[in-house]
Amino acid sequence: MPLGLDRELVLIAEDDLANQALLARLLERAGYRSFAVGDGREALHAAMEEHPDLILLDIGLPAMNGLDVCRRLRADPRTVALPIILVTGQTESRHVVAGLDAGADDFVRKPYDEAELMARVRSVLRLARVTAEMVGAHGVIAALANAVEAKDAPTELHCQRLAGFAHQLGMRAGLEPQDLKGLVFGALLHDIGKIGVSDTILTKAGPLTALEWDAMRQHPIIGERIAEPLASASRFAPIIRSHHERWDGQGYPDRLQGEQIPFGARIVGLVDAYDAIIHDRPYRAARTVGAALEEIRRLAGVQFDPELARLFVEIVERDREEGRVPGIRGLEALRAAV
Ligand SMILES: [Fe+2]
Numbered sequence: 069m070p071l072g073l074d075r076e077l078v079l080i081a082e083d084d085l086a087n088q089a090l091l092a093r094l095l096e097r098a099g100y101r102s103f104a105v106g107d108g109r110e111a112l113h114a115a116m117e118e119h120p121d122l123i124l125l126d127i128g129l130p131a132m133n134g135l136d137v138c139r140r141l142r143a144d145p146r147t148v149a150l151p152i153i154l155v156t157g158q159t160e161s162r163h164v165v166a167g168l169d170a171g172a173d174d175f176v177r178k179p180y181d182e183a184e185l186m187a188r189v190r191s192v193l194r195l196a197r198v199t200a201e202m203v204g205a206h207g208v209i210a211a212l213a214n215a216v217e218a219k220d221a222p223t224e225l226h227c228q229r230l231a232g233f234a235h236q237l238g239m240r241a242g243l244e245p246q247d248l249k250g251l252v253f254g255a256l257l258h259d260i261g262k263i264g265v266s267d268t269i270l271t272k273a274g275p276l277t278a279l280e281w282d283a284m285r286q287h288p289i290i291g292e293r294i295a296e297p298l299a300s301a302s303r304f305a306p307i308i309r310s311h312h313e314r315w316d317g318q319g320y321p322d323r324l325q326g327e328q329i330p331f332g333a334r335i336v337g338l339v340d341a342y343d344a345i346i347h348d349r350p351y352r353a354a355r356t357v358g359a360a361l362e363e364i365r366r367l368a369g370v371q372f373d374p375e376l377a378r379l380f381v382e383i384v385e386r387d388r389e390e391g392r393v394p395g396i397r398g399l400e401a402l403r404a405a406v
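Heads up, my numbering is the position in the sequence shown plus 68, with the first residue counted as 1.
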């Protein structure tokens, strides 16, 4: 971009002109754009209006001090996440504490060590970028997960419980953080394709006709298609598509067998079946945890990956012995996984 508008923009709020110039030079040299204001009120106004990526905020500003500016920025939804580094000549730790309590992300003392100051700028901006991406991704995933639950009311909270179980089993099976994240997203969204299946079929109390089953069996394929535009879909779309496959090759939609089934889909298929057994469904009443575990043992190597089935039974039994509710709630899992 010729004007460098893709470079991050830093607002310098500093009343000392020599310091303003020094900071501007340092930032320019490090590849950032910057602009400066000289008092607290202007700083507040510029932070709201100019959409900087970061503010270097002096505490001892005229008109409104930096701590008050910081609190005001944190109280406004438009700037609640704006990265703020407080800059001050005061060296006592109570000032540092007051600054961080006011909502600053970091704190730099004058006179600056230039390399340290720029390292802090980079680190705060990096964290802000990661957070923004995560909030965006979480928001979309959580909204879609809510859409499935709104459509398929009897399974309320099913997806969240499932994400909790899946996370627990995935950890136990030794998945890496990135794969755990994909697993949790896959668990939350596994039934998203039910949006494309008629309500009459989803809530039918009696057995489904052959035609109705055909429509029901489309949901993993519809789900995969819905999830495809999401960032990092490659990590969880295969889970959505294959969560009804069976170890013996008798599942759907692709009749995959054994280790052909993506690992995350084997996990979600297993915990999905477990959760379905222990909760009421339109077509039958809930059964006990003991009965569910027995069923999982019986179907290990038939419907389920035998090693995962063994690990999962162990997890649930240990949780029961220790008086814990098996699985952690899905949104906690989501936070833990990213
Ligand atoms: Fe499903």
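Ideal Cβ positions, reconstructed from N, Cα and C, are used throughout, including at glycine.
- If only uninterrupted alpha helix (DSSP H) runs of at least 4 residues are considered, those enclosed by the region 205-276 are 226-240, 245-257, 267-270.
- A straight line joining the alpha-carbon of residue 264 with that of residue 282 spans about 13 Å.
- In the assembly as shown, residue 85 is an exposed residue. Its beta-carbon has fewer than 16 other beta-carbons within 10 Å.
- Inside the region 81-145, DSSP marks whole beta strand (DSSP E) runs of 3 or more residues at positions 101-105, 122-126, from first to last along the chain.
- Sixteen is the threshold: when 16 or more other Cβ atoms of the shown chains lie within 10 Å of the Cβ of residue 126, as they do, the residue is buried.
- For residue 379, the three-state secondary structure derived from DSSP is helix.
- Sixteen is the threshold: since fewer than 16 other Cβ atoms of the shown chains lie within 10 Å of the Cβ of residue 179, the residue is exposed.
- Check the Cα spacing between residue 374 and each of 356, 253, 337: the tightest is with 337.
- A distance below 8 Å separates the beta carbons of residue 305 and residue 292.
- In the structure shown, residue 174 adopts extended strand secondary structure according to DSSP, grouped into three states.
- Residue state for residue 368 is assigned as strand, using DSSP reduced to three classes.
- Applying a distance threshold of 6 Å between residue Cβ atoms and the heavy atoms of ligand 1 selects 258, 259, 287, 311, 312, given in chain order.
- Distance from the CA atom of residue 193 to the CA atom of residue 302, rounded to whole angstroms, is 27 Å.
- Of the other Cβ atoms in all chains shown, 16 or more fall within 10 Å of the Cβ of residue 259; this residue is therefore buried.
- Counting C-beta pairs closer than 8 Å gives three or more between the region 114-128 and the region 74-84, which meets the contact rule.
- Residue 338: not part of any beta strand (DSSP E); member of the alpha helix (DSSP H) spanning 331-346, first to last residue.
- Its Cα nearest to that of residue 287, the residue 307 stands out among 378, 332, 307, 300.
- Selection 158, 390, 231, 266 evaluated against residue 332 yields 231 as nearest (Cα-Cα).
- Within the same chain, and ignoring the five residues on either side of residue 139 in sequence, the residues whose Cβ sits closer than 8 Å to its Cβ are 170, 171.
- Judged by DSSP secondary structure, residue 154 falls within the beta strand (DSSP E) whose first and last residues are 152-156.
- With distances taken between CA atoms, residue 100 lies nearest to 91 out of 363, 91, 108.
- Boundaries of the alpha helix (DSSP H) harbouring residue 306: 305-310, taken from the DSSP string.
- The region 365-384 makes contact with the region 314-330: 3 or more CB pairs, one atom from each, lie closer than 8 Å.
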